[in-house]
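Data first, discussion second: the structure below is written as structure tokens.
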Amino acid sequence: MFGISDPAIWLVYLLSIICTIGSIIFGIIYWNKDDKNDKED
Amino acid sequence: MENFYTYLIVMIYFLSIAFLGYLGYKKTHSSKDFLIGGGDMNPIVMALSYGATFISASAIVGFGGVAATFGMGIQWLMFLNMFVGVVIAYIIFGRPTRRIGAKLKVSSFAEFLGAYYQSPKIRIFVATIIFLCMPLYAAAVLRGGVFCMQQVFGISFDLSLLIFTIIVASYVMAGGMKGVMYTDAMQAVIMFVCMAILIFGVYKSLGMGFSEANSALENMKDKVPESLAAVGHQGWTAMPQWGSQQWYTLVTSLIMGVGIGCLAQPQLVVRFMTVNSTKKLNQGVAIGCVFLLITVGVIYHVGALSNLYFMEYDGKISIDMVNATDKIIPYFVGRVMPTWFLTIFMLCILSASMSTLSAQFHTMGAAAGSDIYGVCSKNRPEKKDKMTTMIRFAVLISILISYLICYLLGESSDSPIIAISTSLFMGICASAFLPAYFCALYWKKATKEGAYASMWVGVIITIILLIFVHAKEASALGICQALFGTDVLISNGMLKFVDPIAIAFPLSCITIVVVSLLTRKKEENQIQK
Chain A
39 MFGISDPAIW LVYLLSIICT IGSIIFGIIY WNKDDKNDKE D
Chain B
43 MENFYTYLIV MIYFLSIAFL GYLGYKKTHS SKDFLIGGGD MNPIVMALSY GATFISASAI
103 VGFGGVAATF GMGIQWLMFL NMFVGVVIAY IIFGRPTRRI GAKLKVSSFA EFLGAYYQSP
163 KIRIFVATII FLCMPLYAAA VLRGGVFCMQ QVFGISFDLS LLIFTIIVAS YVMAGGMKGV
223 MYTDAMQAVI MFVCMAILIF GVYKSLGMGF SEANSALENM KDKVPESLAA VGHQGWTAMP
283 QWGSQQWYTL VTSLIMGVGI GCLAQPQLVV RFMTVNSTKK LNQGVAIGCV FLLITVGVIY
343 HVGALSNLYF MEYDGKISID MVNATDKIIP YFVGRVMPTW FLTIFMLCIL SASMSTLSAQ
403 FHTMGAAAGS DIYGVCSKNR PEKKDKMTTM IRFAVLISIL ISYLICYLLG ESSDSPIIAI
463 STSLFMGICA SAFLPAYFCA LYWKKATKEG AYASMWVGVI ITIILLIFVH AKEASALGIC
523 QALFGTDVLI SNGMLKFVDP IAIAFPLSCI TIVVVSLLTR KKEENQIQK
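Chains A and B, in that order, are what the protein sequence lines are.
Oh and the first sequence: position 8 is 46 in the working numbering, straight run, nothing missing.
Oh and the second sequence: position 103 is 145 in the working numbering, straight run, nothing missing.
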């Protein structure tokens with residue numbers, strides 16, 4: 039994958055992309071949501 | 043003419059910093075403003091400031107050079123920076139830190155731990171460790187910025203040091219956290235833009251796509267020098283050999299040490315207290331991850347690809363071109379990018395240095411002024427009025443100490459103190475602070491005795507391992523050699539290459555659990571009686 043044969047290396051590139059996409063999705067979903075504990079406080 | 047434009051751009055950069063520092067000054071009216079920006083900072087500014095503080099010049103130039111020498115295995119550090127340093131830090135640590143911090147009305151990392159465990163002793167201990175260990179670490183970052191400034195203006199080391207220190211000192215002292223975070227945000231944008239341009243430039247010069255370049259680099263594995271192959275190097279697109287010296291260094295020192303050590307860095311933790319709601323932290327997650335992917339990810343990737351470029355044009359690998367890991371990235375950028383880009387790259391390195399340094403100065407000042415002086419003066423009302431002035435004064439003292447260390451070490455010094463102090467600070471943050479910090483957030487059974495004991499275990503074990511066991515620091519310090527006639531006490535096996543964090547951190551975790559359970563039981567028994 040990605041022109042790299044060592045799984046330990048292409049995996050880190052794949053995980054980094056997944057992590058970035060995941061963080062963007064998280065940001066969009068929770069953009070305007072506060073923690074329940076915040077409201078209680 | 044080229045020089046004129048370089049000076050002009052750098053002057054505009056410094057004027058922008060002065061303006062943002064002034065803006066911070068105008069908006070700072072209380073010690074809370076000075077310490078945590080009033081607790082209502084913009085989430086984008088917070089996320090960019092966090093990222094810029096995270097990435098120092100050594101992450102770009104130093105670790106970029108490590109990637110050029112040892113290959114893409116260091117991308118695990120980038121992944122951990124993103125996943126642990128942003129996702130876990132913001133969601134698992136940041137959200138409760140902000141909430142508990144606001145509830146306890148605290149404004150610094152030491153105050154957070156002290157207030158949670160209801161122990162001024164813990165607050166003083168944490169603040170003292172910060173105040174004692176950070177100046178050396180700050181001096182290391184300061185040197186990186188000074189060298190960069192020397193190259194831009196062609197002036198002496200001493201003059202660069204003086205100018206650089208005055209610039210950073212002025213906006214930290216005047217603007218406090220607001221000044222620091224506004225400038226950090228601007229510097230983060232510069233770093234981001236610079237790295238985005240760099241990756242396009244490198245691929246353009248290579249004339250290849252992503253996978254094609256990786257394949258070409260993989261085909262170069264027979265070019266690995268024997269000296270590097272002997273310690274586990276298996277090519278620039280492969281992890282080092284399992285259990286080899288290089289594997290232990292990469293996994294325990296770089297990936298675990300830096301990747302996990304970042305969780306309890308006081309200058310990063312305090313940023314969670316600068317926003318007033320959880321949703322602002324949620325908004326920062328994506329910004330932080332994208333920022334790290336582009337800045338750190340690009341420079342590590344480019345570092346590894348530099349071997350491909352040099353092999354094609356010079357018939358040599360990167361480390362053979364300049365013979366020093368730290369010089370590979372600046373040399374490569376100079377070769378592969380157009381002249382106009384070099385000014386932007388200089389600004390990127392200056393930004394990386396200044397953003398990290400300003401956060402360090404601010405954290406040291408807060409530790410000495412707010413935590414140590416604050417507790418010692420017992421927060422008397424008449425002293426409280428003068429608190430902001432006292433913190434500013436403490437920031438000045440911290441800056442002067444860092445300046446003096448850097449000045450005394452000088453330009454050509456190859457003293458190991460800086461490398462040791464950086465390892466020491468990272469090690470102590472992870473080993474001494476992280477277990478107590480995590481338990482404050484998630485384990486209600488943790489007691490102040492347990493927290494205090496784990497902190498002492500973390501500090502003492504880290505220091506012992508650095509002096510007597512970990513080869514890099516122990517041999518440089520020479521204390522083990524002087525006492526026992528050998529560089530390290532345990533020379534057989536791979537223990538001498540295992541970073542102290544890998545040992546001190548678990549021991550510190552065990553200590554807080556065991557001591558907390560024992561002291562809690564004692565407290566419960568006393569209550570029953």
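Positions of the beta carbon are idealized from the N, C-alpha and C atoms, including for glycine.
Predicted model, so just to flag it, every value in this text is computed and none were measured.
DSSP-derived helix/strand/coil call for residue i
i, result
"A157 of chain B", "helix"
"W69 of chain A", "coil"
"S419 of chain B", "coil"
"A280 of chain B", "coil"
"K321 of chain B", "helix"
"D264 of chain B", "helix"
"F467 of chain B", "helix"
"G143 of chain B", "helix"
"M315 of chain B", "coil"
"M429 of chain B", "helix"
"S473 of chain B", "helix"
"T95 of chain B", "helix"
"S202 of chain B", "helix"
"M39 of chain A", "coil"
"A453 of chain B", "Checking the displayed sequence, the identity of residue 453 of chain B turns out to be Glu instead of Ala. Three-state DSSP puts E453 of chain B in coil, outside helix and strand."
"K609 of chain B", "With chain B running from 43 to 571 in the structure shown, residue 609 of chain B is simply not present."
"L70 of chain B", "In the sequence under discussion, the amino acid at residue 70 of chain B is Thr, which differs from the Leu named in the question. Reduced to three states, the DSSP call for T70 of chain B is coil."
"D75 of chain B", "helix"
"H275 of chain B", "coil"
"M83 of chain B", "coil"
"S212 of chain B", "helix"
"I509 of chain B", "helix"
"Q287 of chain B", "helix"
Cβ neighbour criterion (16 or more within 10 Å) applied to residue i
i, result
"E153 of chain B", "buried"
"V556 of chain B", "exposed"
"H404 of chain B", "buried"
"F46 of chain B", "exposed"
"D264 of chain B", "exposed"
"C304 of chain B", "buried"
"A524 of chain B", "exposed"
"G452 of chain B", "exposed"
"P548 of chain B", "exposed"
"H343 of chain B", "buried"
"C481 of chain B", "buried"
"E430 of chain B", "According to the sequence as given, residue 430 of chain B is Thr; it is not Glu. With 16 or more other Cβ atoms within 10 Å, it is buried."
"G221 of chain B", "buried"
"T111 of chain B", "buried"
"L450 of chain B", "exposed"
"T385 of chain B", "buried"
"H573 of chain B", "With chain B represented from 43 up to 571, any question about residue 573 of chain B goes unanswered, as that position is not in the structure."
"Q160 of chain B", "exposed"
"I63 of chain A", "exposed"
"W382 of chain B", "exposed"
"I59 of chain B", "buried"
"Y213 of chain B", "buried"
"L18 of chain B", "With chain B represented from 43 up to 571, any question about residue 18 of chain B goes unanswered, as that position is not in the structure."
"L57 of chain B", "exposed"
"Y351 of chain B", "buried"
"S286 of chain B", "buried"
"L508 of chain B", "buried"
"P85 of chain B", "buried"
According to a CB-to-CB cut-off of less than 7 Å, which residues of the segment 316–347 of chain B neighbour chain A?
-> Answer in chain order: S319, T320, K321, N324, Q325, V327, A328, C331, V332, L335, G339.
Check distances from the C-beta atoms of the segment 240–260 of chain B to those of chain A and list, in chain order, the residues that come in under 9 Å.
-> From the segment 240–260 of chain B, only G251, F252, S253, E254, A255, N256, S257, A258, L259, E260 have a Cβ closer than 9 Å to chain A.
In the segment 323–371 of chain B, which residue ranges form an unbroken alpha helix (DSSP H) of at least 4 residues, counting only runs that do not cross its ends?
-> If one requires a minimum length of 4 residues, the alpha helix (DSSP H) runs lying completely within the segment 323–371 of chain B are 340–356, 360–364, in chain order.
Which runs of the alpha helix (DSSP H) fall wholly inside the segment 217–271 of chain B and span at least 4 residues, in chain order?
-> Those alpha helix (DSSP H) runs which fall completely within the segment 217–271 of chain B and span 4+ residues are 252–260, 268–271.
In the segment 99–123 of chain B, which residues sit with their C-beta less than 9 Å from some C-beta in chain A, listed in chain order?
-> Flagged, chain order: G113, M114, G115, Q117, W118, M120, F121.
Would you list, in sequence order, the uninterrupted alpha helix (DSSP H) runs of no fewer than 4 residues that lie entirely inside the segment 516–566 of chain B?
-> Entirely contained in the segment 516–566 of chain B, the alpha helix (DSSP H) runs reaching 4 residues are, in chain order, 521–526.
Near-chain A residues of the segment 67–94 of chain B (beta-carbon distance less than 8 Å), N- to C-terminal order = Residues of the segment 67–94 of chain B with a C-beta less than 8 Å from any C-beta of chain A: none at all.
Got a sec: which bits of the segment 279–291 of chain B sit with their beta carbon under 7 Å from any beta carbon on chain A, in order along the chain?
-> Only T279, A280, M281 from the segment 279–291 of chain B bring a Cβ to less than 7 Å from some Cβ of chain A.
Within the segment 377–401 of chain B, note down every full alpha helix (DSSP H) run reaching 4 residues or more, in order along the chain.
-> Entirely contained in the segment 377–401 of chain B, not one alpha helix (DSSP H) run reaches 4 residues.
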